[in-house]
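K.L.:
Got a structure for you, questions after.
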Amino acid sequence: MRRSLQYCIGFVFLFAAGCATESPRAHHVPDAASSSAVARADDQYLYLRFNPGDAKKTIQDSDETVALLLDTDGDAATGFRRREKPFAAMGADMEIQFSPVNPRGGAPGKGVAFYRLDQAGGRSQLRAEDFDFLFAPTYASRWYDARVSRFFAASSGLPTAGLASNGKGRGAFVIYDQRGRIVGYSDPFEVEFPPIASAPKRSNDGIPPKSPDAVRIMAWNVWGKMQESPEKFCAVIRTINPDIIMLSEWKSDAPTLEQLLNRNMRGEIGIAVAWNAAAGPGVAVASVFPTRLAGPNNLELGWNGEKRKVRFVSAAVQTPVGPVLVGAMHLKCCGGSGSNEDALRIAEVDTINQAMQQISRADAADIRVLGGDLNLVGSRVPLDILCLNADADGSDLTPADPVVLGDDWLYTWRDWGSGFSPGRLDWLAYSDATAQPVRQFVFDPARLSDSALAKIGLSRADAQPSDHLPVVVDFKPIAR
């Protein structure tokens, strides 16, 4: 084979610990884990970690296909036995493909696809939404972490042993070229499946209370729909109770946002609350505290011989814990590493970074937060540039790492109809020289139980008005 895939311990989650590094930060590594393992399972999920061997390619938008072959019951007789010697002991029952193989040959597709394999190697595509599949990061990286639910197996026609109940399983990662030939593979691995839980876990956690000595900042891409169904969006905002809101895909001006919030976000009985807003092209900032534009705004860049507006707005907010400087943005979507779209994201965020460094020199705010929908589906470079030298002391900003409420993973977007796996597209970077996060979470109502949603006054249907999830961080100034 031309090259091999590397792997290491599963049940590890890859979250960047700083702006200038891709070093993974481990979460919940089990005591029984050893360096010889590639996969690990609990009663809910199978966890994996792998290295496709090319850190410059975006795994869901690549010119080759990375796939997981999984023998879900550890029985070679029940699945597809490939002729290649490394897979002789495996009967692959299912396959997960990143940048799926084009059955007609040529360039692979985009996203991720799931298949049941018959004994002849025939593929039957399975519904992606049944897998509760996640992987990180969304940008091109050396290492990836992934997890897949065990609960889809029984209803997908897979063997009843192993993944679907308990027992052993086997697997291997492979690389297909554009003719569907295997040109790289990992060593096969084994995994022990403990008895599966009776049902998927749903958390009874409520919304964490706001820290009294901090300011709660929420970033949310509202999908251009906040004016269509303001009551749904405002019900979520009211439950989270942020002091400052940073919106992407806001399709109007600041006065319209103020009117919408004042109409749908009334304060407690007898207490008048007036929302203040600042808006830019497709983005906005709003707060119940005094808010003003903190220029320069109306940013433009030259692109392909034309002037292009940058979706960005910066605002200064006077809060009870002190002045806060925020910059809300929405970078260009789509496109893998090295694409025109990725180059545009880099140009956009470079323009933003230069503007924010000018603002930072003139502003005394201890809490400085930049972020929004960064669309990091190509390279990590836009995030690194966003953070560069933008802290109060001239050092780099630090990305906050809020995990999903009621879960252990970090993702901020999901739309199974898109063909892509849920992932982390929305980021908040902050001034760690002068501020610290004291509470942080991503709100996904799908992870909460019916009783938890009822307690916070939300229905499951009304609590998900956007394809993006609210990202929430409580920031506290560092005493000096």
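Just so you know, the sequence shown maps onto residues 79 to 558 in my numbering. We put the CB at the ideal spot given by N, CA and C, even for glycine.
1. On the criterion of 16 or more Cβ atoms from any shown chain inside 10 Å, does residue 351 qualify as buried, or is it exposed?
2. Can you give the Cα-Cα distance for residue 450 and residue 492, rounded to whole angstroms?
3. Determine the direct distance from the alpha carbon of residue 191 to that of residue 254, and round the result to whole angstroms.
4. Is residue 282 buried or exposed, if buried means 16 or more other CB atoms sit within 10 Å of its CB?
5. According to the neighbour-count rule (16 or more other Cβ atoms, all chains shown, within 10 Å of its Cβ), is residue 287 buried or exposed?
6. Mind checking whether residue 506 and residue 430 have CB atoms under 9 angstroms apart?
7. Quick check on this structure: which residue in 200, 189 and 218 has the alpha carbon closest to the alpha carbon of residue 206?
8. Measure the alpha-carbon distance for residue 138 versus residue 182 and round it to whole angstroms.
9. Helix, strand or coil for residue 303, going by three-state DSSP, please let me know.
10. Count the other CB atoms, across all protein chains shown, that sit within 10 Å of the CB of residue 259; report buried if there are 16 or more and exposed otherwise.
11. So, with DSSP's three-state summary, where would you put residue 441?
12. Checking 9 angstroms against the spacing of the C-beta atoms, do residue 413 and residue 423 come in under that value?
13. Check for me: the alpha helix (DSSP H) holding residue 542 runs from which residue to which?
14. Any chance the region 118-135 sits against the region 155-166, with 3 or more Cβ pairs inside 8 angstroms?
15. Is DSSP giving residue 369 helix, strand or coil here?
16. Just verifying my parser: in three-state terms, what is the DSSP assignment at residue 378?
17. Below 8 angstroms CB to CB, which residues in the same chain sit around residue 97 once its five sequence neighbours on both sides are set aside?
18. Counting along the chain, where does the beta strand (DSSP E) carrying residue 520 start and finish?
19. Use the C-beta contact count for residue 553: other C-beta atoms within 10 angstroms, 16 or more gives buried, fewer gives exposed.
20. Please determine, among 195, 129, 225 and 199, the residue with the shortest C-alpha to C-alpha distance to residue 500.
21. Using 8 angstroms as the Cβ pair cut-off and three pairs as the minimum, do the region 402-410 and the region 240-256 touch?
P.N.:
By the coordinates alone:
1. By 1-based counting over the sequence shown, the position of residue 351 is 273. So residue 351 counts as exposed.
2. One-based indexing of the sequence shown puts residue 450 at position 372. One-based indexing of the sequence shown puts residue 492 at position 414. Our two residues, residue 450 and residue 492, have alpha carbons roughly 16 angstroms apart in a direct line.
3. Position 176 of the sequence shown holds residue 254. Position 113 of the sequence shown holds residue 191. In a straight line, the C-alpha of residue 254 is about 14 angstroms away from that of residue 191.
4. On the sequence shown, residue 282 is found 204 positions in, with the first residue counted as 1. Per the 10 Å Cβ criterion, exposed.
5. Residue numbering aside, residue 287 sits at position 209 when the sequence shown is read from its first letter. It counts as exposed.
6. Along the sequence shown, read from residue 1 onward, the residue named residue 506 stands at position 428. Along the sequence shown, read from residue 1 onward, the residue named residue 430 stands at position 352. For the pair residue 506 and residue 430, the CB atoms are not nearer than the 9 angstroms cut-off.
7. Translated into the one-based positions of the sequence shown, residue 206 becomes position 128. The shortest CA-to-CA distance from residue 206 to any of 200, 189 and 218 is the one to 189.
8. On the sequence shown, residue 138 is found 60 positions in, with the first residue counted as 1. On the sequence shown, residue 182 is found 104 positions in, with the first residue counted as 1. Answer to the nearest angstrom: the Cα atoms are 19 angstroms apart.
9. In the sequence shown, the residue the question calls residue 303 occupies position 225. Annotated three-state conformation of residue 303 is coil, per DSSP.
10. The residue given as residue 259 occupies position 181 in the sequence shown. Residue 259 is exposed by the Cβ-count criterion.
11. Numbered from 1 along the sequence shown, position 363 holds the residue referred to as residue 441. Residue 441 falls in the coil class under three-state DSSP.
12. Your numbering for residue 413 matches position 335 in the sequence shown. Your numbering for residue 423 matches position 345 in the sequence shown. In this structure, residue 423 lies closer than 9 angstroms to residue 413 by Cβ.
13. As a working note, residue 542 is residue 464 in the sequence shown. Note, residue 542: premise wrong, no alpha helix (DSSP H); not H, not E.
14. Taking a cut-off of 8 angstroms for Cβ pairs, the region 118-135 and the region 155-166 do not touch, as fewer than three such pairs fall below it.
15. Here residue 369 refers to the residue found at position 291 when the sequence shown is read from its first residue. In the structure shown, residue 369 falls within a strand segment according to DSSP collapsed to helix, strand and coil.
16. Taking the first residue of the sequence shown as position 1, residue 378 is located at position 300. In this structure, residue 378 counts as strand in the three-state DSSP scheme.
17. Against the sequence shown, residue 97 aligns to sequence position 19. Low confidence applies here, because residue 97 scores a pLDDT of 34, under 50, leaving its location unreliable; read the following figure in that light. Answer for residue 97: 461, 462, 464, 465, 466, 474, 475, 476, 477 and 507, listed in chain order.
18. Walking along the sequence shown from the start, residue 520 turns up at place 442. Unbroken beta strand (DSSP E) run through residue 520: 513-520.
19. Numbered from 1 along the sequence shown, position 475 holds the residue referred to as residue 553. Classification for residue 553: buried.
20. Counting from one through the sequence shown, the residue named residue 500 turns up at place 422. Answer by Cα proximity: 225.
21. Counting Cβ pairs under 8 angstroms, fewer than three are found: no touch.
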